[in-house]
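Protein chains: 2
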Amino acid sequence: MKVLTFLFFVIAIFSCKPQSEKGSSSSVAKTDTLPSWNEGVNKQAIISFVNKTTKEGTADFIPVTDRIACFDNDGTLWSEQPMYFQLAFAIDRVKAMAPKHPEWNTTQPFKALLEGDMKTVMAGGEKALMQIVMATHSGMTTGEFDQAVKEWINTATHPGTKKLYKEMVYQPMLELLDYLRANGYKTYIVSGGGIDFMRPWTQEVYGIPAEQVIGSSVKVKYEIVDGQPVLIKLPEINSIDDKEGKPVNIHQHIGKQPVFTGGNSDGDYAMLQWTSTGNGYPRFGMIVHHTDSVREYAYDRKSHIGNLEKGLDDAAKYNWMIVDMKTDWKKIYPFEK
Amino acid sequence: MKVLTFLFFVIAIFSCKPQSEKGSSSSVAKTDTLPSWNEGVNKQAIISFVNKTTKEGTADFIPVTDRIACFDNDGTLWSEQPMYFQLAFAIDRVKAMAPKHPEWNTTQPFKALLEGDMKTVMAGGEKALMQIVMATHSGMTTGEFDQAVKEWINTATHPGTKKLYKEMVYQPMLELLDYLRANGYKTYIVSGGGIDFMRPWTQEVYGIPAEQVIGSSVKVKYEIVDGQPVLIKLPEINSIDDKEGKPVNIHQHIGKQPVFTGGNSDGDYAMLQWTSTGNGYPRFGMIVHHTDSVREYAYDRKSHIGNLEKGLDDAAKYNWMIVDMKTDWKKIYPFEK
Numbered sequence: 002m003k004v005l006t007f008l009f010f011v012i013a014i015f016s017c018k019p020q021s022e023k024g025s026s027s028s029v030a031k032t033d034t035l036p037s038w039n040e041g042v043n044k045q046a047i048i049s050f051v052n053k054t055t056k057e058g059t060a061d062f063i064p065v066t067d068r069i070a071c072f073d074n075d076g077t078l079w080s081e082q083p084m085y086f087q088l089a090f091a092i093d094r095v096k097a098m099a100p101k102h103p104e105w106n107t108t109q110p111f112k113a114l115l116e117g118d119m120k121t122v123m124a125g126g127e128k129a130l131m132q133i134v135m136a137t138h139s140g141m142t143t144g145e146f147d148q149a150v151k152e153w154i155n156t157a158t159h160p161g162t163k164k165l166y167k168e169m170v171y172q173p174m175l176e177l178l179d180y181l182r183a184n185g186y187k188t189y190i191v192s193g194g195g196i197d198f199m200r201p202w203t204q205e206v207y208g209i210p211a212e213q214v215i216g217s218s219v220k221v222k223y224e225i226v227d228g229q230p231v232l233i234k235l236p237e238i239n240s241i242d243d244k245e246g247k248p249v250n251i252h253q254h255i256g257k258q259p260v261f262t263g264g265n266s267d268g269d270y271a272m273l274q275w276t277s278t279g280n281g282y283p284r285f286g287m288i289v290h291h292t293d294s295v296r297e298y299a300y301d302r303k304s305h306i307g308n309l310e311k312g313l314d315d316a317a318k319y320n321w322m323i324v325d326m327k328t329d330w331k332k333i334y335p336f337e338k
Numbered sequence: 002m003k004v005l006t007f008l009f010f011v012i013a014i015f016s017c018k019p020q021s022e023k024g025s026s027s028s029v030a031k032t033d034t035l036p037s038w039n040e041g042v043n044k045q046a047i048i049s050f051v052n053k054t055t056k057e058g059t060a061d062f063i064p065v066t067d068r069i070a071c072f073d074n075d076g077t078l079w080s081e082q083p084m085y086f087q088l089a090f091a092i093d094r095v096k097a098m099a100p101k102h103p104e105w106n107t108t109q110p111f112k113a114l115l116e117g118d119m120k121t122v123m124a125g126g127e128k129a130l131m132q133i134v135m136a137t138h139s140g141m142t143t144g145e146f147d148q149a150v151k152e153w154i155n156t157a158t159h160p161g162t163k164k165l166y167k168e169m170v171y172q173p174m175l176e177l178l179d180y181l182r183a184n185g186y187k188t189y190i191v192s193g194g195g196i197d198f199m200r201p202w203t204q205e206v207y208g209i210p211a212e213q214v215i216g217s218s219v220k221v222k223y224e225i226v227d228g229q230p231v232l233i234k235l236p237e238i239n240s241i242d243d244k245e246g247k248p249v250n251i252h253q254h255i256g257k258q259p260v261f262t263g264g265n266s267d268g269d270y271a272m273l274q275w276t277s278t279g280n281g282y283p284r285f286g287m288i289v290h291h292t293d294s295v296r297e298y299a300y301d302r303k304s305h306i307g308n309l310e311k312g313l314d315d316a317a318k319y320n321w322m323i324v325d326m327k328t329d330w331k332k333i334y335p336f337e338k
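Protein sequence lines correspond, in order, to chains A and B. Count along the first sequence from 1, add 1, and you get the number used in our numbering. Count along the second sequence from 1, add 1, and you get the number used in our numbering.
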């Protein structure tokens, strides 16, 4: 199923590279704009775009109501290697839920997963992954799922850095989000990841409220259980927020064409294209290029996670800024010294 | 099809009652809270709820991020008689589009509609209405539809009042929206009406931006036409934002349970129930009861438009405030002297 290709496609599960903590230390004063961005054309391009679009009375001015900025999440705001973090969550959930599912001890892919045999799980392909996702992302109320995500995000750690997953967000992108908001931009997440998986923690981690998070979703059903209304998550896809699904969902959720968009893979191509071909206002498109094999990970054209080919090929055509993580970013993660 | 029952079900098409302009004039100073609301328990209940939920350090305090207020549109923020205004738009669109559709001169329900024979149109039931809706709400780009709505909303007038439809909004509700926003509440529309029909004008008319409008929608498709990306509206329902669909869509769009909800019909029952049974915070549910046959329209239990039965029956159980338009509102429309 195509659904899974983007949602949780996993490669190189065991190729986890330890993240170095040697990132260049920042001695820049806090009042500086984008302090974790090295000086250069890219940093300057961002600042110049924000300056010109917020200067009232000029041709490039964008009214506050139309300052819509959209960002992919996996690989754009936080890391996505060696597997999408949401898949790590799903795997952990299978383990946590196993006591109530004795049938999993004899049913694949759950049996293999519980035995730590990831090779057999992966051999099951997308069908197996879909079974894992649906078993862990449906069949409960939205409140119960929310609670499970909150517990996980506050305790689960990355195999490479040993840091909480929620600490593996990109410091320069946090600064960019803050900078845009300080200039009247409304910041959104538009991710292939699950909408209900992201919403419980995006406010705390990115300063982005639940209502500004767009993602893939399952259908939910309103039901009265023991006299109490609840929303039940159903094992049925509602929307896949990837590729052409991104501009579609931006329309359905926001109803405006973004003027600023950031992504990192070809899953973001349509959203970037939709942004950069809009009429009337200046537009800004940027692609986070994973070029730092020491401090983070280096991958693009040949990677199954965060595959980036069309985006690089057409960057000049659409005037997309390619962020070179290795040279543009002073530090990658907030926890770096 | 059930779809149409709520979307555009029309009765009493010709029972249009002229709206009186004799509404009691308001001499209250502008600094007053809710000046078009008469003094009484209802006005006091609103003010007291807002006061207690915005006082930091108290048990009833609601943080700004959770101050979510949702309002139905038809019959709650603007009038809905003698037919849903969006149906008037659809009828006008058929007439405007007719020159490019010669086949409509010989095909029902278009032939009857173009001849002004609404009885035959209505005899076609929901199937005919669905044909009219789909012919006028799909098959074009989102930009083209947006333009058509803007032209219509700025020119089309109501058969009874002869005022623009967009002027037939409820002054006391405009004040309530302003009052809530001034107190940190984020105001949303959650309507059975079309999301793309409302978004072009809600900012101007209600101060509610497109991204805070939730409604029924058709599917859209991202396509490149002559090298330019566009979103095409498809003749296929994406979501029906009525009854149980309202809490479902509130979840998918906002991801938070509202603390304040206003409606006027049983189409809002589930949304009100979902609001009023939430945990942790004080909750406010209100129903606009159409009781004023002189200044607006009087209808409830027996009406096909804005049918209200369960809401009245269970108002006490859920502590919903019933707004008596006749006695609670000093004026109905902004244009009243």
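Cβ atoms here follow ideal geometry from the backbone N, Cα and C, with glycine treated the same way. Here the structure is a predicted model, which is why all the values come from computation and not from measurement.
In chain order, each beta strand (DSSP E) run of at least 3 residues that lies wholly inside the stretch 22 to 105 of chain A:
69 to 72
Measure the alpha-carbon distance for Gly281 of chain A versus Asp93 of chain A and round it to whole angstroms.
Cα to Cα, Gly281 of chain A sits roughly 47 Å from Asp93 of chain A.
Compare the C-beta of Ile241 of chain A with all C-beta atoms of chain B and state if any pair is closer than 7 Å.
Ile241 of chain A does not count as touching chain B.
From the DSSP output, in three-state form, read off Met2 of chain B for me.
With a pLDDT of 37 at Met2 of chain B, under the threshold of 50, the modelled position of that residue is not reliable, and no figure is offered here.
CA-CA distance, Tyr319 of chain A and Leu165 of chain B?
When only Cα atoms are considered, Tyr319 of chain A and Leu165 of chain B end up about 42 Å apart.
Using a Cβ-Cβ distance under 7 Å, would Lys257 of chain B count as near chain A?
yes
Please decide whether Pro283 of chain A counts as near chain B, where near means a Cβ-Cβ distance under 7 Å.
no
Short check: CB of Val122 of chain A to CB of Pro103 of chain A, under 7 Å?
no
Using the C-alpha atoms, what's the distance from Lys44 of chain A back to Leu177 of chain A?
10 Å
If you draw a straight line from the C-alpha of Gly41 of chain A to the C-alpha of Asp33 of chain A, how long is it?
If I take the Cα positions, the gap works out to 15 Å.
Beta-bridge pairing of Glu224 of chain A - partner residues as DSSP gives them
Looking at the DSSP output, Glu224 of chain A shares a beta bridge with A:Val231.
By alpha-carbon positions, which one of B:Glu310, B:Glu237 and B:Lys257 ends up nearest to Asp269 of chain B?
Among B:Glu310, B:Glu237 and B:Lys257, the Cα nearest to that of Asp269 of chain B belongs to B:Glu310.
What is the rounded straight-line gap between the Cα of Ile225 of chain B and the Cα of Thr142 of chain A?
Distance between the alpha carbons of Ile225 of chain B and Thr142 of chain A is about 39 Å.
On the DSSP letters alone, give me the boundaries of the alpha helix (DSSP H) that Ile133 of chain B sits inside.
Gly126 to His138
Any C-beta of chain A sitting closer than 7 Å to the C-beta of Glu245 of chain B?
Yes, Glu245 of chain B lies at the interface with chain A (some Cβ there is under 7 Å from its Cβ).
Rounded to whole angstroms, what's the CA-CA distance from Pro335 of chain B to Tyr171 of chain B? Just pull it up for me.
7 Å
Residues in the stretch 140 to 154 of chain A with C-beta within 7 Å of chain B's C-beta atoms, listed in sequence order?
With the criterion set as a beta carbon lying under 7 Å from some beta carbon of chain B, the members of the stretch 140 to 154 of chain A are Thr143, in sequence order.
Per-residue DSSP class, three states only, for Val324 of chain A
strand
What runs of the beta strand (DSSP E), each 3 residues or longer, lie entirely inside the stretch 239 to 316 of chain B?
261 to 264 and 285 to 292
Three-state secondary structure (DSSP) at Thr203 of chain B?
Helix at Thr203 of chain B.
How would you list, in chain order, the residues of chain A whose beta-carbon sits under 7 Å from the beta-carbon of Leu178 of chain B?
Under the 7 Å cutoff, chain A gives no residues; its nearest Cβ is about 16 Å from Leu178 of chain B.
Quick check: is any heavy atom of the ligand FMN less than 6 Å from the C-beta of Lys311 of chain B?
Of ligands this structure carries none, so the ligand FMN is not represented either.
Identity of the residues DSSP links to Trp153 of chain B by a beta bridge
The partner list for Trp153 of chain B (beta bridge, DSSP) is empty, contrary to what the question assumes.
How should Arg302 of chain A be labelled, buried or exposed, when 16 other C-beta atoms within 10 angstroms of its C-beta is the threshold for buried?
exposed
Over what stretch of residues does the beta strand (DSSP E) that includes Tyr189 of chain A continue unbroken?
Lys187 to Gly195
List, in order along the chain, the chain B residues whose C-beta lies closer than 8 Å to that of Pro248 of chain A?
Tyr223, Pro230 and Leu232
Would you report the Cα separation of Pro64 of chain B and Ala183 of chain B, rounded to the nearest angstrom?
14 Å
For my contact list, Met272 of chain A and Pro248 of chain A are in at a C-beta cut-off of 8 Å; report their separation, rounded to the angstrom.
6 Å
Simplified DSSP state of Thr121 of chain B, which is helix, strand or coil:
Thr121 of chain B sits in a helix when the DSSP states are folded into three classes.
So which residues on chain B does Pro64 of chain A lean against when the C-beta distance must stay under 8 Å?
Under the 8 Å cutoff, chain B gives no residues; its nearest Cβ is about 10 Å from Pro64 of chain A.
Apart from the five residues on each side of it in sequence, which residues of its chain come closer than 6 Å, Cβ to Cβ, to Gln82 of chain A?
Tyr298
For a contact defined as C-beta to C-beta under 7 Å, what are the partners of Ala271 of chain B on chain A?
Chain A residues near Ala271 of chain B: Tyr223.
Residue-level contact to chain A via CB, Trp275 of chain B, 7 Å cutoff
yes
Contact set for Gly312 of chain A: own chain, Cβ-Cβ below 6 Å, skip 5 residues either direction
Taking C-beta separations shorter than 6 Å and ignoring five residues to either side along the sequence, the partners of Gly312 of chain A in its chain run Asp267, Tyr270 and Ile288, following chain order.
Helix or strand or just coil, what does DSSP make of Pro236 of chain B?
strand
Interface residues of chain A facing His252 of chain B [CB-CB closer than 7 Å]:
Thr143, Val221 and Leu232
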